[in-house]
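2 protein chains.
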Amino acid sequence: MNRPSPLPIARTADALRETVRGWRRQGLTVSFVPTMGALHEGHLTLVREAGRRADRVVASVFVNPTQFAAHEDLGTYPRREAEDAELLAAAGCQLLFVPTVEEMYPDGFTTSVSVGGPSQGLETDFRPHFFGGVAVVVAKLLNQVQADVAVFGEKDYQQLLVVRRLARDLDIPTEIVGSPTERDGHGLALSSRNAYLSDDDLARARRLNGVLAEAAVKAADRRPLAAVERAAYAELLKAGFERVDYVAVRRAEDLAVFANGVMDAPARILAAAWLGKTRLIDNMAV
Amino acid sequence: MNRPSPLPIARTADALRETVRGWRRQGLTVSFVPTMGALHEGHLTLVREAGRRADRVVASVFVNPTQFAAHEDLGTYPRREAEDAELLAAAGCQLLFVPTVEEMYPDGFTTSVSVGGPSQGLETDFRPHFFGGVAVVVAKLLNQVQADVAVFGEKDYQQLLVVRRLARDLDIPTEIVGSPTERDGHGLALSSRNAYLSDDDLARARRLNGVLAEAAVKAADRRPLAAVERAAYAELLKAGFERVDYVAVRRAEDLAVFANGVMDAPARILAAAWLGKTRLIDNMAV
């Protein structure tokens, strides 16, 4: 039996704009949370933050094909619109935007965006097309919604910096706000991809944040960063991660490498590591 | 003696946005004409068209360094703000936006945009960085002004198609309108670069539109396009152009090459040719 959707769903940019325009005419402010669906408490925190910052909250669910490589999990990425809509409504969202791939990338679509700066290295070393896909879809979504504020999770810290740079460089008139990472009782960053993990893998995954926290203490203690990173890398393998893409301490502001090899400005430690076919990322302030 | 400006000038995006926001609060619609200054009747036609399409007209004057190559005429491109402001006011413009290079490209600016599609070939074969520079500055300007409509000249026909594709692909909520080319009494397309021409060169320049018109008749007659283009190329050299970058008949919609070598859809003929150090472009519907 089909349940009625607990909140209005716009499936085209035109329908979305019509609703937002109506709100604007009433003098209401608007905030926006873009997601790929399969929502968990982390997303709902973003929605509640968006609700504190504006009169009306729009969320989008779009599994963007251009940010997945051919070998990645586009086909199996979890999709569950009805449950997502209920969670969003309960968290204070007033409109769900669920465009089709054809709506976002019609025939003849050819534009690409490269943000440079914070998009270089880290994720890009392992997912070279990722931020290009993110930049285009976020530019589109921000321009479609025309919100006053958009909220992105610090869980994807490099993405947050890329989006902030994108919006600033292209003068997209939406303020980009970062919201702290939600974690489970063991400190594991909430992620839709955690659903892929077996119980054994889940136990291993929960070591990731601890290893980063220990390394952050050493980095803050001005130990040589190469050694700190090397030790954290070894710790992750010891904890049962089968492969570590990177563990890195970078300048928090722009993810630049510390030229002197020690931390001499506010920093962020970031990592990506694998358990079976599941790639987990995490990061925290140092 | 400094004359007072005949219309308000915004030198920052914030000042621009404040004025536009005030108009929006009064329920007024807004149109926009981006220029590089050195205004002539062609620009003023765009401003008048913009005035017919909205309650308030914003024009910008910004000689965008990123669309000039190192050997091009960035340094000598004519600049005359006071005269431009008077012409704009008389043509019905209510606000002039004149950002500095630092305002548009602050330290740390790293984003680039590639439109693909209609930006391929023709101008790009000879000015490879041109449309990349245009795409970024137009995306910025459109997002800064947030107009309902922006008017671009058909004189730069390839640019018009690139901007239209850019706005569509990135969902920039401004309608892109093309306006027909203004010509002098001899059919020469008006251009700020005509100011560089000697009287002798001017006489030669005035042959450009005639050669294109003759070639257009042959193309419309379904003659083989390779031969039509070759003949026009020779005619331009005979008319005194020292070098011809291209003469090409392309599909009007997207500048695609006619695969069958004859015109079988609405077409545009486009050319770029040199007189001394001055490069002239022109185009017309076939």
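So the protein sequences, as listed, match chains A and B. Counted the way my numbering counts, the first sequence spans residues 6 to 291. Counted the way my numbering counts, the second sequence spans residues 6 to 291. Each residue gets a CB set at the ideal place from its N, CA and C atoms; glycine is no exception. Keep in mind that this is a model prediction, so the values were computed, not measured.
Ignore the nearest five residues each way along the sequence and tell me which others in residue i's own chain have a CB closer than 6 Å to its CB.
i	result
residue 37 of chain A	63, 150, 152, 155
residue 185 of chain B	159
residue 192 of chain B	214
residue 58 of chain B	36, 154
residue 173 of chain B	none
residue 145 of chain A	none
residue 135 of chain A	72, 128
residue 187 of chain A	46, 47, 50, 195
residue 14 of chain A	101, 103
Taking residue i and residue j to be in contact with their CB atoms under 8 Å, please state how far apart those CB atoms are, rounded to whole angstroms.
i	j	result
residue 101 of chain A	residue 24 of chain A	That pair is no contact at about 11 Å.
residue 202 of chain A	residue 194 of chain A	At roughly 12 Å, the Cβ-Cβ gap does not stay under 8 Å, so residue 202 of chain A and residue 194 of chain A are not in contact.
residue 171 of chain B	residue 120 of chain B	5 Å
residue 251 of chain B	residue 277 of chain B	6 Å
residue 167 of chain B	residue 123 of chain B	5 Å
residue 198 of chain B	residue 285 of chain B	7 Å
residue 56 of chain B	residue 113 of chain B	With 8 Å as the limit, residue 56 of chain B and residue 113 of chain B do not qualify as a contact, their Cβ atoms being about 37 Å apart.
residue 283 of chain B	residue 206 of chain B	7 Å
residue 83 of chain B	residue 232 of chain B	At roughly 39 Å, the Cβ-Cβ gap does not stay under 8 Å, so residue 83 of chain B and residue 232 of chain B are not in contact.
residue 163 of chain A	residue 260 of chain A	6 Å
Less than 7 Å between CB atoms is the rule here; does residue i satisfy it with respect to chain A?
i	result
residue 117 of chain B	yes
residue 114 of chain B	yes
residue 6 of chain B	Legend: pLDDT at residue 6 of chain B = 47, less than 50; position of this residue unreliable, value from coordinates given subsequently. Not one chain A Cβ lies under 7 Å of residue 6 of chain B.
So is residue i in contact with chain B if we call contact Cβ pairs under 7 Å?
i	result
residue 37 of chain A	no
Excluding the 5 residues flanking residue i on each side, which residues of the same chain have their C-beta closer than 7 Å to its C-beta?
i	result
residue 230 of chain A	224, 254, 263, 266, 267, 268
residue 117 of chain B	137, 141
residue 287 of chain B	194, 213, 214, 217, 276
residue 183 of chain A	157, 159, 165
residue 52 of chain B	38, 62, 64, 93, 96, 97, 98
residue 244 of chain A	209, 212, 216
By the 10 Å Cβ neighbour count, where 16 or more other Cβ atoms means buried, how is residue i classified, buried or exposed?
i	result
residue 147 of chain B	buried
residue 81 of chain B	exposed
residue 47 of chain A	buried
residue 131 of chain B	exposed
residue 106 of chain A	exposed
residue 85 of chain B	exposed
residue 65 of chain A	buried
residue 212 of chain A	buried
residue 281 of chain B	exposed
residue 128 of chain B	buried
residue 10 of chain B	exposed
residue 242 of chain A	exposed
residue 61 of chain A	buried
residue 39 of chain B	buried
residue 31 of chain B	exposed
Below 8 Å CB to CB, which residues in the same chain sit around residue i once its five sequence neighbours on both sides are set aside?
i	result
residue 69 of chain A	41, 109, 138, 139, 142
residue 291 of chain A	221, 224, 225, 254, 257, 268, 271, 272, 273, 274
residue 178 of chain B	151
residue 6 of chain B	Per-residue confidence for residue 6 of chain B stands at a pLDDT of 47, beneath the threshold of 50, marking its modelled position as unreliable; the derived number appears in the next sentence. Once the five neighbours on either side are set aside, residue 6 of chain B has no close Cβ partner at all.
residue 88 of chain A	44
residue 17 of chain B	104, 108
residue 279 of chain A	246, 247, 248, 249, 250, 285
residue 236 of chain A	220, 223
residue 90 of chain B	10, 11, 12, 14, 101
Flag residue i as yes if its beta-carbon sits less than 7 Å from any beta-carbon of chain C, otherwise no.
i	result
residue 138 of chain A	This model lacks chain C altogether; the protein chains it does include are A and B.
If contact means a Cβ-Cβ distance below 7 Å, which residues of the segment 119-153 of chain B contact chain A? 119, 120, 121, 122, 144, 145, 148, 149, 151
Could you list the residues in the segment 155-186 of chain B with a C-beta less than 7 Å from some C-beta on chain A, going in chain order? 170, 171, 174, 175, 176, 177, 178
Which residues, in order along the segment 264-278 of chain A, keep a beta-carbon less than 8 Å from a beta-carbon of chain B? none
Residues from the segment 15-38 of chain A in contact with chain B, defined by Cβ distance under 8 Å: 18, 22
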